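Residue numbers (the numbering used here): 2 to 240.
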């Protein structure tokens, strides 16, 4: 009996020792993971700071409408993907906090718009063709935007063409669009606030209707493509 009691004590002692070892390992693993996360955050902060310095160096201290619009087209030429901190910094530095962008309001909404469009059309390319000043002081830009339609684009932007309960005509429309490279001609209007020296309003539109009509061949099919789509014929997010 005494031997059994001793064996049981030894067993319990060993169990406690193993638990302590596992606890220490878990604690060390957590500390290591936390240290790695802190390192990643520091790296991200350094990257943001570099972008901030870069934008500060590129944009003159006394910004004017011309320089801001030119910088806007340089930074947004290929859309806005998640890592474009320099583009976000430009918006926050040279656009009013409540900037109106078509029917949207605020810099955050403008950022979300560009990120959404860039996800839908990853190869988007916007070219500034001409920039001139209206008598009202508004800067008007003539643009040419090029996009490609992939299967992912059709699923995200034109889901009704793929989820149509076996509707053969919708499938045929999707096939016509798949792989197409489309050129959209459009314009953007930038209103400058002379009080705070920032862009206060942007109106943007691009003609997506004409090239889609050329691809699809008739108004009926073109209307069917845009009906239920998440993008409007003027190449804006459909509300």
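Even glycine gets a Cβ: it sits at the ideal position worked out from N, Cα and C. In this text, all values refer to a predicted model and were calculated from it rather than measured experimentally.
Of the residues 150, 145, 178 and 182, the one placed nearest residue 74, counting alpha carbons only = 145
Three or more C-beta pairs below 8 Å linking the region 167-183 and the region 146-158 | yes
Given that a residue counts as buried once 16 or more other Cβ atoms are within 10 Å of its Cβ, and exposed if not, what is residue 171?
-> buried
When burial is assigned at 16 or more other CB atoms within 10 Å of the CB, is residue 239 buried or exposed?
-> exposed
Assuming residue 198 contacts residue 141 under a Cβ cut-off of 8 Å, what Cβ separation, rounded to an integer in Å, is found between them?
-> That pair is no contact at about 20 Å.
Hey, out of 221, 8, 178 and 200, whose CA is closest to residue 106's CA?
-> 200
If residue 203 and residue 100 are in contact, beta carbons under 8 Å, what's the gap, nearest whole angstrom?
-> 7 Å
Looking only at its own chain, which residues have a Cβ that is under 8 Å from the Cβ of residue 230, when we skip the five neighbours before and after it?
-> 158, 159, 161 and 239
Sequence ranges, beta strand (DSSP E) only - wholly within the region 188-230, length at least 3 | 199-208
Ordered along the chain, which non-local residues of its own chain (more than five positions away) have a Cβ less than 6 Å from that of residue 82?
-> 119
Residues that DSSP places opposite residue 127 in a beta bridge | 146
7 Å CB neighbourhood of residue 108 in its chain, flanking five on each side removed = 92, 93, 96, 98 and 100
May I have the straight-line CA-CA distance separating residue 67 from residue 29, to the nearest angstrom?
-> 55 Å
Element boundaries [beta strand (DSSP E), containing residue 98] | 96-102
Under three-state DSSP, which class holds residue 78?
-> coil
Have a look at residue 178 and residue 209 and give me their C-alpha separation to the nearest angstrom.
-> 13 Å
Measure how close the beta-carbons of residue 103 and residue 237 come, nearest whole angstrom, since I'm counting them as under 8 Å.
-> 6 Å
Name the DSSP bridge partner or partners of residue 106?
-> 101
DSSP on residue 137, reduced to helix/strand/coil?
-> coil
DSSP three-state call for residue 163: helix, strand or coil?
-> coil
Starting from residue 232, follow its DSSP beta bridges and name the residues at the other end.
-> 238
How about residue 80 and residue 125: are their beta carbons less than 7 Å apart?
-> yes
Work out the CA separation of residue 211 and residue 232 for me, nearest whole Å.
-> 14 Å
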